[in-house]
Amino acid sequence: MPHQPSRHRRNRSIRLAIVTSLISKGSTIVLQFGSLPIAARLLGREEFGIYATISLSVFMVAMLELGIGPALARGISEASAKGDKQREGQLYVSGAALLAGLAILGSLIAALVLTFVPIPVLFGEKYAPFAETMRPALWLGVFLMVGQVAVEMTDRVREGYMEAGIVNAWGAVGNIVGAIVVFIGIQYQPSVSFLLLAVFGPNILARAISTVSMIRDRPWLIGRQARPERSTMKELVKDGLSYSATSFVVYLVEYSLCALIVGRISGPGAVAVFHVMMAITTAFTGMLVMVGRPIWAAVVDAMESSDHDWLTTVTGRYYKFLGALTALAAIVLITAGPWLVLRIYGDEFVVGRFLFIGHACFLLAIGWRRVNRYLLIGLGLLPQTVFPILLGLAVGLAMGVAGMMQWGLGALFAGMGLGTLLFSGLKLQFLVRERLQNIGTPSSVQTPDLQAPPIKPDRTMA
Numbered sequence: 071m072p073h074q075p076s077r078h079r080r081n082r083s084i085r086l087a088i089v090t091s092l093i094s095k096g097s098t099i100v101l102q103f104g105s106l107p108i109a110a111r112l113l114g115r116e117e118f119g120i121y122a123t124i125s126l127s128v129f130m131v132a133m134l135e136l137g138i139g140p141a142l143a144r145g146i147s148e149a150s151a152k153g154d155k156q157r158e159g160q161l162y163v164s165g166a167a168l169l170a171g172l173a174i175l176g177s178l179i180a181a182l183v184l185t186f187v188p189i190p191v192l193f194g195e196k197y198a199p200f201a202e203t204m205r206p207a208l209w210l211g212v213f214l215m216v217g218q219v220a221v222e223m224t225d226r227v228r229e230g231y232m233e234a235g236i237v238n239a240w241g242a243v244g245n246i247v248g249a250i251v252v253f254i255g256i257q258y259q260p261s262v263s264f265l266l267l268a269v270f271g272p273n274i275l276a277r278a279i280s281t282v283s284m285i286r287d288r289p290w291l292i293g294r295q296a297r298p299e300r301s302t303m304k305e306l307v308k309d310g311l312s313y314s315a316t317s318f319v320v321y322l323v324e325y326s327l328c329a330l331i332v333g334r335i336s337g338p339g340a341v342a343v344f345h346v347m348m349a350i351t352t353a354f355t356g357m358l359v360m361v362g363r364p365i366w367a368a369v370v371d372a373m374e375s376s377d378h379d380w381l382t383t384v385t386g387r388y389y390k391f392l393g394a395l396t397a398l399a400a401i402v403l404i405t406a407g408p409w410l411v412l413r414i415y416g417d418e419f420v421v422g423r424f425l426f427i428g429h430a431c432f433l434l435a436i437g438w439r440r441v442n443r444y445l446l447i448g449l450g451l452l453p454q455t456v457f458p459i460l461l462g463l464a465v466g467l468a469m470g471v472a473g474m475m476q477w478g479l480g481a482l483f484a485g486m487g488l489g490t491l492l493f494s495g496l497k498l499q500f501l502v503r504e505r506l507q508n509i510g511t512p513s514s515v516q517t518p519d520l521q522a523p524p525i526k527p528d529r530t531m532a
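In structure tokens:
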């Protein structure tokens, strides 16, 4: 069984990541649906909508990372599989230098916008009465964004080492501390600025400690031979753009841009409801991420040894997990969603069942897209996903906004889901199936000769 030791290592990393991710997701639920509803009751629907607008808008600047973190993770994974510590150090230092520069650039852009552009111009006239509250909170958000970009790199590098379990553990610590701070502090400091600091600050601090621990265990990452290289930087930026186009741009549109559109059409109160639904979305996709991220890192390792049987097995299990999770989410949300939101968030958050039907369609579509995308990252085909994902995003947004103008938020989610499923999901699944079939051909698993070169994994970073 030549593949057995590698399979054991891959399976162990996935199991550990899932267990710790469940703990992390539990801490996220405590924060999102335990402490934040208390803050919503104390601040009121309008002011909580302002918090939602800022938290979704400021972190749009984080997309300037250009996918360097995930691209770095794939490079680290390949270098680690070969035992090339010098390459690991070159990748880490080059990535750190790039992210530092991009974080500074992003903060400068945000600072210029906040200094010279009035709040009503940025978010709409309905935000004019809240301008004085929003401006200091936005400045705080910029500061937190820089910290978020800095520590995000550590999470991605650990995932490259198949240490997603450690990432989840530190994330759980940050969420639990944040929930405690919100629960206690919001009663004494009921403000948008305090809520931003309490929610994001502890998580950033926990992951900063994780950074120190990782470098202590792997000193070669910042050793003498680990120097930034221009060629490595270009490689990270070039390959990271594919990840950005299929991740950060998607987040920008589905979370931040949609929040701005909802706010301009219906005001901050509607953004508060949108934020609640996107918190549910985050919890749902988080369950897929807890399996997907350790899987794609393990897939890179499996591709190195052309372990087709393992790849086929883990792909089938991931699809089954998506089906079970989507069915459970749809049943719970459609049957009990309106009652749960009313009970958790208070009388101001009265929503209809149609909203949850549309949202269930949205969850199905983005879940299918995300599962196939994670598989394609590991299989080395991420660049081929860019066009179908962006096409589905554009069509879905157009359909969703048109529907919202007539039937409300439920139609927004349903339209976005339909466009995503038809123009992204089907194409991505075809790419996965085709790639697995190619890996399984005899020429890819037998000793090669000059006429039948071995199929190597695509070196393009995700």
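Be aware that the sequence shown starts at 71, since it is given in the working numbering, and climbs by one per residue.
Even for Gly, the Cβ is constructed at its ideal location relative to N, Cα and C.
Could you check how far apart the C-beta atoms of residue i and residue j are, in whole angstroms? I think they sit under 8 Å.
{"i": "T385", "j": "L506", "result": "7 Å"}
{"i": "R439", "j": "S494", "result": "5 Å"}
{"i": "L463", "j": "V237", "result": "With 8 Å as the limit, L463 and V237 do not qualify as a contact, their Cβ atoms being about 27 Å apart."}
{"i": "L311", "j": "G137", "result": "6 Å"}
{"i": "N245", "j": "S97", "result": "4 Å"}
{"i": "V262", "j": "I120", "result": "5 Å"}
{"i": "A435", "j": "G487", "result": "4 Å"}
{"i": "L12", "j": "L208", "result": "Past the edges of the chain, shown from 71 to 532, lies residue 12, and the structure says nothing about it."}
{"i": "T224", "j": "T281", "result": "4 Å"}
{"i": "A372", "j": "R80", "result": "7 Å"}
Please confirm whether residue i has its beta-carbon closer than 8 Å to some beta-carbon of chain B.
{"i": "T455", "result": "Absent here is chain B; the protein component of the structure consists of one chain."}
Return yes when the Cβ of residue j is within less than 8 Å of the Cβ of residue i, no when it is not.
{"i": "V219", "j": "L169", "result": "yes"}
{"i": "A141", "j": "D309", "result": "yes"}
{"i": "A109", "j": "L265", "result": "yes"}
{"i": "M360", "j": "S91", "result": "yes"}
{"i": "V341", "j": "M284", "result": "no"}
{"i": "E299", "j": "S164", "result": "yes"}
{"i": "A239", "j": "G255", "result": "no"}
{"i": "L330", "j": "Y162", "result": "no"}
{"i": "V252", "j": "L412", "result": "no"}
{"i": "R297", "j": "G194", "result": "no"}
{"i": "G339", "j": "E202", "result": "no"}
{"i": "G407", "j": "F426", "result": "yes"}
{"i": "T455", "j": "T352", "result": "no"}
{"i": "V346", "j": "L460", "result": "no"}
{"i": "A276", "j": "V243", "result": "yes"}
{"i": "Q295", "j": "G145", "result": "no"}
{"i": "F483", "j": "C431", "result": "yes"}
{"i": "V343", "j": "F270", "result": "no"}
{"i": "G437", "j": "T396", "result": "yes"}
Pull up the distance between the alpha-carbon of residue i and that of residue j, whole angstroms please.
{"i": "P272", "j": "I509", "result": "44 Å"}
{"i": "Y231", "j": "P289", "result": "14 Å"}
{"i": "R529", "j": "P453", "result": "Note on R529: pLDDT 41, under 50, position unreliable in the model; the coordinate value appears next. About 11 Å."}
{"i": "V369", "j": "L178", "result": "38 Å"}
{"i": "S229", "j": "R363", "result": "Per the sequence shown, residue 229 should be read as Glu rather than Ser. Near 7 Å, if we compare the C-alpha coordinates of R363 and E229."}
{"i": "E233", "j": "G470", "result": "38 Å"}
{"i": "F118", "j": "S376", "result": "51 Å"}
{"i": "L445", "j": "K497", "result": "13 Å"}
{"i": "I365", "j": "G448", "result": "8 Å"}
{"i": "L86", "j": "L112", "result": "38 Å"}
{"i": "E222", "j": "G428", "result": "32 Å"}
{"i": "G293", "j": "P190", "result": "49 Å"}
{"i": "L433", "j": "A399", "result": "8 Å"}
{"i": "L492", "j": "T123", "result": "29 Å"}
{"i": "A278", "j": "G241", "result": "11 Å"}
{"i": "A532", "j": "L327", "result": "Low confidence applies here, because A532 scores a pLDDT of 34, under 50, leaving its location unreliable; read the following figure in that light. Rounded to the nearest angstrom, the two C-alpha atoms are 24 Å apart."}
{"i": "G139", "j": "V307", "result": "10 Å"}
{"i": "Q476", "j": "G466", "result": "16 Å"}
{"i": "A180", "j": "V187", "result": "10 Å"}
{"i": "Q259", "j": "Y389", "result": "45 Å"}
{"i": "A468", "j": "L403", "result": "25 Å"}
{"i": "I274", "j": "F213", "result": "11 Å"}
{"i": "R157", "j": "A143", "result": "12 Å"}
{"i": "P518", "j": "L358", "result": "With a pLDDT of only 35 at P518, under the threshold of 50, the placement of this residue in the model should not be trusted; the figure read from the coordinates follows. Those two C-alpha atoms are separated by around 37 Å."}
Can you list the alpha helix (DSSP H) stretches of 4 or more residues lying completely in the segment 78-124, in chain order?
106-113
Ignoring anything shorter than 4 residues, give me the alpha helix (DSSP H) runs that lie fully in the segment 214-259, in order along the chain.
234-255
Pick out the complete alpha helix (DSSP H) segments inside the segment 122-206, 4 residues or longer, and give them in chain order.
138-152, 155-186 and 189-193
Uninterrupted alpha helix (DSSP H) stretches inside the segment 350-405 (no shorter than 4 residues)
none
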